[in-house]
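Student:
In full-length UniProt numbering, the protein residues as written are 1 to 267.
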């Protein structure tokens, strides 16, 4: 992959930014990771200049509404393009086994048959299991169960053609059981619900999330040179980046990114 296009940076309750999801670009194609909580995904893709016809691979991490509900809109709109003859090939959705039924059910309950008729023909599901390695757009993706106690969830480590390693442990704090997957990564894409100084306000630990301090200490310990923090609260968007960066730099000596929606990171 060449670029990471940040489509959303917010947590499930965010209303001043879109829910955390992103696209990884390789040439003219895009690999979409999650779709947020609604049709806002279509607006974000449009603003980012990403045509639906250039998305043939989507990974869905888990069934929480801020990650999966946008998939109904992705399926509807891509199926519309298929019906019009403007979408070439198939759409492959990568997810763990239980999510196949969830995504199909949500779609069938909310859109017409003319859209979901493409299931298992041109909209296909690739079920992933812990440790599976798959080639997507010429890069290697190893998927892993993050060990969530809330909802079964998968992340991945990708190895690019140039050897660059990018690890994404989902929207919960990294667990030591994932060390063999995450070690030696060049990039870590990690959640940070809030700054440590506001933990009593946002209560991240009660929600199985981490703070900026926690994520930065982790990346420093793992000696990861590039850290991206997202899946945050949205109460002060004007100063979020400045505030998170100030706290993060106290604990992390690598390159720290606190992206805004629609930022583009060169990998």
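Think of the CB as a built atom: it goes at the ideal place given N, C-alpha and C, for glycine as much as any other residue.
1) Can you give me the start and stop residues for the alpha helix (DSSP H) that residue 266 sits inside?
2) Do the stretch 111-121 and the stretch 166-173 make contact, defined as three or more Cβ pairs closer than 8 angstroms?
3) The beta strand (DSSP E) spanning residue 257 covers which residue range?
4) Out of curiosity, what's the CA-to-CA distance linking residue 74 and residue 20?
5) Tell me the DSSP secondary structure of residue 231 in three-state form.
6) Can you find a heavy atom of the ligand ATP that lies under 6 angstroms from the Cβ of residue 132?
7) Within its chain, find whatever has a CB closer than 7 angstroms to the CB of residue 146; leave out the 5 residues flanking it on each side and keep chain order.
8) Tell me whether residue 130 is buried or exposed, calling it buried when 16 or more other Cβ atoms sit within 10 Å of its Cβ.
9) What are the boundary residues of the alpha helix (DSSP H) that includes residue 25?
10) Flag this pair as yes or no: are the beta carbons of residue 14 and residue 184 separated by less than 7 angstroms?
11) Could you tell me whether the stretch 200-209 touches the stretch 242-252, using the rule of 3 or more Cβ pairs below 8 angstroms?
12) Could you check whether residue 89 and residue 67 sit closer than 7 angstroms to each other, using their CB atoms as the reference points?
13) Would you check if the stretch 182-199 and the stretch 115-130 touch, i.e. whether three or more CB-CB distances between them fall below 8 angstroms?
14) Flag this pair as yes or no: are the beta carbons of residue 214 and residue 8 separated by less than 7 angstroms?
Tutor: Let's see:
1) By 1-based counting over the chain shown, the position of residue 266 is 266. Premise fails: residue 266 lies in the beta strand (DSSP E), 264-266, not in any alpha helix (DSSP H).
2) no
3) Taking the first residue of the chain shown as 1, we reach residue 257 at position 257. Segment 255-257, the beta strand (DSSP E) holding residue 257.
4) As a working mapping, residue 74 is identified with position 74 in the chain shown. As a working mapping, residue 20 is identified with position 20 in the chain shown. Roughly 16 angstroms separates the two Cα atoms.
5) Here the question's residue 231 lines up with position 231 in the chain shown. Coil, per DSSP.
6) As presented, the structure is devoid of all ligands, the ligand ATP included, so that no description of it is given.
7) Indexing the chain shown from 1 puts residue 146 at position 146. Counting only Cβ-Cβ distances below 7 angstroms, and skipping sequence neighbours, we find 153, 154, 155, 169, 170, 172, 175 and 178.
8) The residue labelled residue 130 in the question sits at position 130 within the chain shown. So residue 130 ends up on the exposed side.
9) Start at 1 with the first residue of the chain shown, and residue 25 comes out as number 25. Segment 21-26 is the beta strand (DSSP E) holding residue 25; no alpha helix (DSSP H) there.
10) Here residue 14 is taken as the residue at index 14 of the chain shown, counted from 1. Here residue 184 is taken as the residue at index 184 of the chain shown, counted from 1. For residue 14 and residue 184, no; Cβs fall outside 7 angstroms.
11) no
12) As a working mapping, residue 67 is identified with position 67 in the chain shown. As a working mapping, residue 89 is identified with position 89 in the chain shown. No, they are not a contact pair.
13) no
14) Taking the chain shown and counting its residues from 1, one reaches residue 214 at position 214. Taking the chain shown and counting its residues from 1, one reaches residue 8 at position 8. In this structure, residue 8 does not lie closer than 7 angstroms to residue 214 by Cβ.
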